[in-house]
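*Asks:* The structure that follows is given in the form of structure tokens.
Residue numbers (my numbering): 167 to 294.
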């Protein structure tokens, strides 16, 4: 008997395992992007809402609770859910209003594996 295998078949042995490992790797990356990505998108929306306060009429006369309410309204319009206004501190510095945002987002990745993403921003705004 002649047990010769074609040369092309010899080179292809073990290729399925390598392809499976590559598919699992990219699947894990895609899962991370799907789970963690929305937190970064919401953070960008929060930053835009805070930056849009620049030039708001009467901002320097508003109290901290009023500024938080204004921010919450803007976040609600932009469909940002799960953000607590307690994470916002509002201070007055002369004619400027200093807004600090410090919060973290926790996501379940798979099983008992979680991710924590921490965001911290500070804005010095001036009203009209």
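Backbone N, C-alpha and C define an ideal beta-carbon position, used for all residues, glycine too.
Contact between the region 217–231 and the region 188–205: three or more CB pairs below 8 Å?
*Replies:* The region 217–231, when compared against the region 188–205, does not touch it at the 8 Å Cβ threshold.
*Asks:* Below 8 Å on the Cβ atoms is my guess for residue 292 versus residue 262; work out the distance and round it to an integer in Å.
*Replies:* With a Cβ gap of about 6 Å, residue 292 and residue 262 count as contacting.
*Asks:* Mind checking who residue 282 pairs with in its DSSP beta bridge?
*Replies:* In DSSP, residue 282 forms a bridge with 272.
*Asks:* Can you find the residues in the same chain that come closer than 6 Å, C-beta to C-beta, to residue 240, ignoring five residues on each side of it along the sequence?
*Replies:* These residues qualify, in order along the chain: 215.
*Asks:* By the 10 Å Cβ neighbour count, where 16 or more other Cβ atoms means buried, how is residue 283 classified, buried or exposed?
*Replies:* The residue is exposed, with fewer than 16 neighbouring Cβ atoms inside 10 Å.
*Asks:* Could you check if residue 219 is buried or exposed, using at least 16 other CB atoms within 10 Å of its CB as the buried criterion?
*Replies:* Buried, because 16 or more other Cβ atoms sit within 10 Å of the Cβ of residue 219.
*Asks:* Would you check if the distance between the CB atom of residue 212 and the CB atom of residue 267 is smaller than 8 Å?
*Replies:* Taking 8 Å as the Cβ cut-off, residue 212 and residue 267 qualify as a contacting pair.
*Asks:* Pull up the DSSP beta-bridge partners for residue 249, would you.
*Replies:* DSSP, once it has assigned bridges, lists no residue as partnering residue 249.
*Asks:* What does DSSP give as the partner residue(s) for residue 262 in the beta ladder?
*Replies:* 259 and 292, per the DSSP bridge assignment.
*Asks:* Looking at the unbroken alpha helix (DSSP H) that takes in residue 218, where does it start and where does it end?
*Replies:* Run containing residue 218: none; DSSP gives neither H nor E here.
*Asks:* To the nearest angstrom, how far is it from the Cα of residue 275 to the Cα of residue 281?
*Replies:* Residue 275 and residue 281: Cα-Cα distance of roughly 7 Å.
*Asks:* Mind checking whether residue 238 and residue 251 have CB atoms under 8 Å apart?
*Replies:* Yes, they are a contact pair.
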